[in-house]
Structure formats: structure tokens, C-alpha cells
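323 is the number of the first residue of the sequence shown in the working numbering; add one for each residue after it.
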Amino acid sequence: MLLSELLLVPGRVLLLLDEGYLRLGHRTEDEWAGALADVVAPRLDRFAAVDLSTRALPASAAVLGPPALRDLDPAEALRRLLAALGLEHTEPDAEEDVPVAPRFPDAPPAVWNVPRRNFRFPGRDPVLEELHALFESGGPAGARVALRGISGVGKSQIVIEYAHRFANEYDVVWWISASFRATARQQFADLADRLQLTDARALGERVRAVREALRTGRRRWLLIVDSADDMEQVDDLLPASGGHVAITTLTRGWAASGGVAEIQVDRFTRAESVSYARRHVERLTDEEAGQLAEAVEDFPLLLGQTAAWLEANSPVPAADYIARLRGADADVIGIQVSSDYPIGFRTSWAITLDSLEQDNPKTTELLRLFALFSPGSIPVRQLQHARPGDLPPHLAELAADPVRWQNALARLAESTAVRRDFVQTSDGDSYVDSVEMHRLYHRFLRRTLSPADRDELSAVACRVLVSADPQRPSDVHAWPTYAGLLPHLYPSGALESAEDSVRELVLNCIEYLRLRDEESTGLTLCEQVLARWRVRLPPTHPSMLVLVHQHANMLRRCGRYREAEAVGRAVVEQLEYERAPDDADLLRAQVGLGGTLMALGLFEEAHQVCDRVWRAYDALEGPEAPHTQSSLHNLGVALGLLGRYLEAAAVHRELLAVRQRLLRPNHRLTLLTGLAHARSLRLLGRHREAAGLQDTNTRLHREAMGEYHTQTLLALHNQALCLRRSGDYEGAGDLLSGLVEQCGQLQGARHPMTLMIQADHASFLSSHGDLRKAADLTLLVAEDYRHLLGEDHPNTVGVQGNLGLVHWRLGDHAEGLRLVEQALRGMTAALGADHPWTLGCALNAAAVRRLSGRAEEAAAGRKDTLRRARGAVDDGHPLLLACVESLATAADAPPYWDFEPQPI
């Protein structure tokens, strides 16, 4: 729109003058000066203006006499604005009901972590307007928009500009770097503190709390997910609705997934390139700017770098520099880039690096060291405060001088693809905490390093990372530090290091991931490390044994039980051959194997392993040592899985007394044992006693660990089953229904814990709710168990039996009978004829057979089941009472027993 067209609208026109906006588009400063003189000056009665700039406006704007509004408090800014418009400022009456107004434009949202604005941002108005329109079109449900384009076209700069330009429309604006999953999850979880949601320690719980708060809250929010090239890495973080999500990506995966609009971000138009180059380098003519744009093929990142070089090297004629770019040799550096990128990349960056090397070799060496860290957040603060001896002498000298250090960082930010991230101090000062390097430039730098240089810099980077290791992965206060260290392990070369201290760092990071329940990321890291250490270390090296133990643990947590079993058995067999029975490494390996065997349904072998480990620790360390307590807990779990409920209850009761005496009543382990004890009582049929204990245990879990911690969800699950068995069907149903949703969001739809809760909810629905919904959910769980655990696993078999009961209740008697009898055969094969789960299947089969007219066969089955039950469970157990009752029940009595999977 032309300025003169504004006069077609009646009333006064207010011009908001900002040097950035005056330079947008294709207009030069002289053209703006002419327009202000020709159009505005003669009609000052129609025009008013205010100054929003950060520096002096062009002289041509002085005719408007614009008052400066930037950096004022709201009251003074309002007074000056009204004065410019010739309006009187009146204070509202104290008792007047003043409607809630938008936030003052200069005030950022209360929750904000977006990088600093680029005041040389090159326009891109059409993209910004399209992004804003797509967000607005989403309405209250919100919208997701992916900005797709090759690396270096300015996607991140666009979303930074959008966030700053439209900040007043949001209460929460949060930036997530998505190139590394662990970092993305940590940054997303950090919102929990800013939103004052939870004090939970588990990362998954914090993630869920943030996601739910954004999905259901009233705050206006914008989530920026930068460098999200692998959709599977971060899609589970994003709220389903309720706000705006801006995604930058190289790939089409987001748009192809559905529900995400896409904006294709291309290179600059030639006019945008010329305008940007001239604003960056004032000495360029239009012709020279066009030649520069042509040489770099209008590529934004490269245009910015070449313009920065010309600005910093003013004696060099632009024509000479452009000629060097045009004559680029494709192999000048050797970096291989896609044909989407101009050849000038290699030449321009080689020129910049050469100039930097000549002018300031120490700064160049610092830049090369940056290439040994993750480009997303290079820890310059750690480098600056590295231990004596960690840095080479010339870099240590630079880091010791704060002025020279800051000047070096400023020089790199001006002349290379590096952006500084500032942290504000409480007294208003700021310092550079980290720098971000463009990923393409990071690749370029790493390719310029010789093998010898890379090894030398890798050693420096590893020393800096080791010095930052708190060496306390179990300390929740150290977790943010470990989250920051993780992305640097691979680029620094830490995974290949032969230094013991570096290996310890790697193992501490893996332990941190285990403690934070980040098994997916932990498994990936374990496998990366194993591939490197196996060629350097013998299998029984202490570091290797810890790593293999963690690998098996992560495999088990990810549901890859057969692989975990293979890894665990191999280590145990080797250590049993080489070590004493009470060797610490052997006992640790046996603990891991015992957990895997329980998950696989090999309960008898698991019990033998757990019993052996407990006895060894009891003799070696004493009955109250932590290892002994932990192994006793495992033994109690194994006894429960074998159906030896009375013995399991005795073990958990004994351990609970010890932990209540030695630990806090609300300690995680005390609460875990209390939960196991209450579960054992419920499985014994002492439902009201179990319900009372579990009610207290759940309350303590909520207070100590938060609403959404995994252990709290398990406590709530046991409470729901206690309520059901105690006759509170409404309470049980509501609790199970909520848990299905919560656990699915926290753990994933196919996690063993989610499947266990879904199975119990389906069983509840079958007896007290919607049969058709119960059938669909039971079938889904059965299929998921078959996929996760295999056809013959007790959980798969038991849920198949539940499915048979649902079919029978729906009237499909033939299919119901088939599935119930199949479950009996499967459970007998898996656990033997005398296991309580098998007896429950036998009880069901007898009932269905009798209802199917096979009375004689049913009677024989009932008698056999009763005989076996008397030897398997104690007097008064519900299963035994049901067997007795079944012999005297009317012919049309329904089956009794619903299978309940146990935690694995």
C-alpha cells in the first residue's frame, strides 16, 4: 500500500515508525524520505506518528515530531500517545469496572524463552502473514504449522520474528530445540516449573503435566519446535489441541501425517536478496548487491555470511570478492552438500575462515573447538570457566580475560553462522551462556579438521565435559546438568574415548536416563556406546559390565524382553564361570536377569534367581543393607507371580517394617514396599484390609511423588482394584477409566503398564459396564500382548480367556467356549496345572462347559479344580471359596474368574 492511499480513509492516520519496518520490502531510505516529504509533510493535520525505534530515525521523519515510546512504562507511553493524537489523558474512576485489556505491547509474555530478535530480519512478510492466518484459522482448537525447507533458508529466523512480532497475542511462548530427543523432552518439561504445575522428578510426569496444562488450559500459547526433522522424536510431546505449534523441518513427514499445515520456505527472491544485502552492507550498489545475490543463488544463510564478510572487510572491493565466489572450485574444501545448495557455500566460508585465521588465530581455534560440541547449544560458559589444564594455553589465556572472551564471541557472531544466547542476571546485566551454530556450518567446520586436529580438540572437549559432570546421576538437582551434557557426547568423541573419566561420564549419563525413565533415549545411547567399546574393551572390563547391565535394563524397559534375556544370560554365564558366587558384578547381572525372566513369564526360574541373590546379599552385607532389601523385594514379587500369595505378603510385611524404620515413611522405596504389601493382601482376598492400607499408601504417593509419577499410577491402579473387590463399583470404574487415559499419555499405548490397566478396565466393563466396549478393548489388549510378549505368555493367554468370557456374555457361546478352553490349555502349559491363574481358567472352563450342556465333563473339572485349589491357596481365599461354591451352584451360574495381569 502507498502512503497516499491511507488518505482515502477518513480520520487521522497514526504512523508507527521503527527503523526495522522502514527498511522492510524493497524501498530505500531515500525513497522513504521522499514519501514522507511529499505525502506526509503537506498533510500534518491528517498524520500523526510515534517513534518505536531503537536508534535515531532518518532526518526526514523529524517533520512529524514523533514522541519516542520504546522502553517506557505503560502509563507514560499512553500519555505520550494520546498527546500525539491531540487527546486528553484522563484517569479512570477508581470504582469503574474497567475491562481486561491486552498486555502492554512492550511487555513480553510472562513465560518466554525465544532467542533474541534479529533486527536485520529480511522481510519475509508473505510467509509471516500466511503463518499468522493459518494459526488464526484454527480457532479455539488451535493449529499446527510446519515451515519446511532445506537447511539455511531461514526457517528458524522466521519463527523467531513471528514470536517477537506477535508476542502480545500469547501468554506463553516456548522454544524447543528438537534435533536431539532428550534435549527436546527436557526443554518441554522445563515448562512445568514456569507454569507452576508440579514438583515431580520423573521427566515423563513433567512432560505429561505440561501437555495437559496446554491442552486444557485457558492461556494463549505458542510452542516453537525447531529442527524437528524426525517427527517421531517429538510428536508425543505436542498437545493435541488448544494452542499454536510452529515447527521447522527439512522433511515432509509432518504435513503427510495429517493435522499439520505446511508452508514451503524457499530462498529469497532477487529483490529480497538485494534489499537484505544493501541493508547489511551500505557501501554496496544495487548492481553489486544483485551480483552478490546471483553468486550465492539468493540463499539466505550464505547471503548473510557473505554480506557480513564484506562489512567486516571494507577495503576489499565487492567486485573482487564476488569474482572469487563465482570462480569457486567445487572441491575447494571437500565438504559434500546437496545439489540444492550453491557451490559458494564452500568458497565463502573458506574465505571467512582464512580471514579469521589471519586476523585472530585464537578466535579461530575457539571456533574450531565449537565444532566438537552439539551445534544446538555450545556450552561457552563451561569453556570460559574450565579447570586449569582443560584448555590449551592459548585458549585458557583467552578465557581468562573476560573482555577479550566477549569480543571473540562477538566477532564469531558477526562473521560466522553462530548466534549467542544471553542470560539475564538479577541485577540487569547479561552474559553469554551458550552459542548456537547453524548445523550446515557445523558440518562444514568438522570437515575442515584434519584427523590430528580433531583428536586434539576432542580431548579438550571431553575434558571440559568431564569437569562439568556432577558425578551424582541420582541427585535430582544434578539432572539439568546431565540433560545439558547428553547432546555433546557424540560430537565431542566421548563415546570413543579411552579415558576412564570420560567413560565414567558416559555411564553417568546413561544412569541419569534410567533414573528419569527415559528408556528409549537410554537404549539408543547404550547401543551407540556398545558398538564402540566392544572393539576396545574385554567383556569383563568393569565399565563394559556396567554398560551391558544398563543395556539389558533398557531393553527390558522398552519391552524387548527376549533381547534383554539373551544379553543377561550371556553375562551371567560368563561371570558364573569366572567369578565367585558372591561377586558383586555377578549379583548385579543376576538381578537384571531375574527381572527379565519375570517379564517373560518364566516365574519359577525368576524365583530361583531372586532367592539365590537375596541369600548372597544377606550373607555378604547383612539383612538391612540396601542391596539385601532390594533383592528381598524382588523375591516377594517373584513369590506373588508364582501364586504364593501368603509367602509374598509375609516378605513384603517384613521388608515394610525395615524400611519404615530405616527410611522415611514417604521415601520412594518405603512407598513401593507398602504398595506391594497392599497388593499381596488383595490377592489373598483380604480386600477391606488391603483397601485401607492402599488408601493411605496412595495419599502418601501423591504427596511425595506427585499425581502422575509412574509409581503413583500403580498405587492408584491397586486402589481401583481394591475398590472393585470391596464392592465400590462406581469408584473403581471412574478410577480405572482415568488411569487408562493417564497411563496411555504418560507411557504410551503399548507399554506393559498401560496394557495391564487396560486389561483390568476391560474386565471391569465386562462385569459392570458396557459389554461391547469391553469386547473391543479386551481384543485390543490381547493383540498388543501377543505382539509384545508372544502367543504363549501368561498375560496373553489370560486376556484371551477374558475375551472368551466377554464373548459368552454377549451370546457368542461357541467362540466363548473356544477361547476359554484355549486359555486353560495355554495357562497350564505356561505355569502348570496348580498355579492360581490356571485354576481360575479351569473354573471358567468348567462353568462354560456346564452352560454348554457338557455337565458331566464340567463336574469332573470342578472337582479336580477344587482338589488342586486346596493345595495352592490358603483356606478362605476367594478362589477356593469359588471352587466350593461352584459345586453347589445352579446350572445357569456364570463363570467366576477374571484374569488380572500383574506389573512386570
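Beta carbons: idealized from backbone N, C-alpha and C, even for Gly.
In this text, all values refer to a predicted model and were calculated from it rather than measured experimentally.
Boundaries for Ile585: no alpha helix (DSSP H) harbours it, while the beta strand (DSSP E) harbouring it runs 583-586, taken from the DSSP string. When rounded, the separation of the alpha-carbon atoms in Ser780 and Pro448 is 44 Å. The stretch 538-547 makes no contact with the stretch 1033-1047, as fewer than three CB pairs between them are under 8 Å. Pairwise C-beta distances place the stretch 591-607 out of contact with the stretch 491-507, as fewer than three of them are shorter than 8 Å. By the Cβ test, the stretch 563-572 is in contact with the stretch 542-550, since at least three Cβ pairs between them sit closer than 8 Å. Counting only runs that start and end inside the stretch 1062-1131, the alpha helix (DSSP H) elements of at least 4 residues fall at 1074-1090, 1093-1111.
Using a C-beta cut-off of 8 Å, the stretch 825-837 makes no contact with the stretch 695-712, since fewer than three inter-stretch Cβ pairs fall below that distance. With respect to Val1119, Met1075 sits apart: the two C-beta atoms are not nearer than 8 Å. Counting only residues of its own chain and dropping the five nearest sequence neighbours on each side, Leu954 has a CB closer than 7 Å to the CB of Trp936, Val973, Leu977.
Secondary structure within the stretch 723-756: the beta strand (DSSP E) runs of 3 or more consecutive residues, fully enclosed, are 740-746 (chain order). Leu964 sits in coil when the DSSP states are folded into three classes, being neither helix nor strand. Burial of Leu675 is indicated by the presence of at least 16 other C-beta atoms within 10 angstroms of its C-beta.
When rounded, the separation of the alpha-carbon atoms in Ser549 and Ser501 is 5 Å. For the pair Leu623 and Gly806, the CB atoms are not nearer than the 8 Å cut-off. Here the C-alpha atom of Glu604 lies approximately 21 Å from the C-alpha atom of Leu339. Excluding the 5 residues flanking it on each side, Ala504 has same chain C-beta neighbours closer than 6 Å at Leu808, Thr843, in chain order. Nearest to Val913 by C-alpha distance, out of Glu826, Arg368, Ala928, is Ala928. Sixteen is the threshold: when 16 or more other Cβ atoms of the shown chains lie within 10 Å of the Cβ of Leu705, as they do, the residue is buried. Around the beta carbon of Asp723, fewer than 16 other beta carbons sit within 10 angstroms, so the residue counts as exposed. The continuous alpha helix (DSSP H) containing Asp447 extends over residues 447-459.
One thing to note: Val757 has its Cβ within 8 Å of the Cβ of Asp743. If you draw a straight line from the Cα of Gly890 to the Cα of Ala874, it is about 6 Å long.
When C-beta atoms of the stretch 571-583 are compared with those of the stretch 595-615, fewer than three pairs fall below 8 Å, so the two segments do not count as touching.
Of Leu997, Leu1005, Arg1189, Asp777, the smallest CA-CA separation from Leu1022 is found for Leu997. Ser677 is positioned such that its CB atom lies closer than 8 Å to that of Asn635. Rounded to whole angstroms, the separation of the alpha carbons of Leu968 and Ala1168 is 26 Å.
Using a Cβ distance threshold of 8 Å, Gly526 and Leu1068 count as a contacting pair. Spanning the alpha carbons of Arg668 and Ala645 requires a straight line of approximately 14 Å. Rounded to the nearest angstrom, the Cβ distance from Leu391 to Arg402 is 6 Å, consistent with a contact under 8 Å. The beta carbons of Leu811 and Val828 sit about 6 Å from each other, so the pair counts as a contact at 8 Å.
Nearest in C-alpha terms to Leu691, of all of Arg776, Leu924, Ala1194, is Arg776. Here Arg901 has Asp907, Leu908 as same chain residues with Cβ atoms under 8 Å from its own Cβ, once five neighbours each way along the sequence are excluded. Following the DSSP letters along the chain, one finds Ile480 inside the alpha helix (DSSP H) bounded by residues 477-487.
In the DSSP assignment, Val824 falls within the alpha helix (DSSP H) that extends over 822-837. Excluding five sequence positions before and after Ala1155, the CB atoms of its chain that fall closer than 7 Å to its own CB belong to Arg1190, given in chain order. When DSSP states are grouped into helix, strand and coil, His707 belongs to the coil group.
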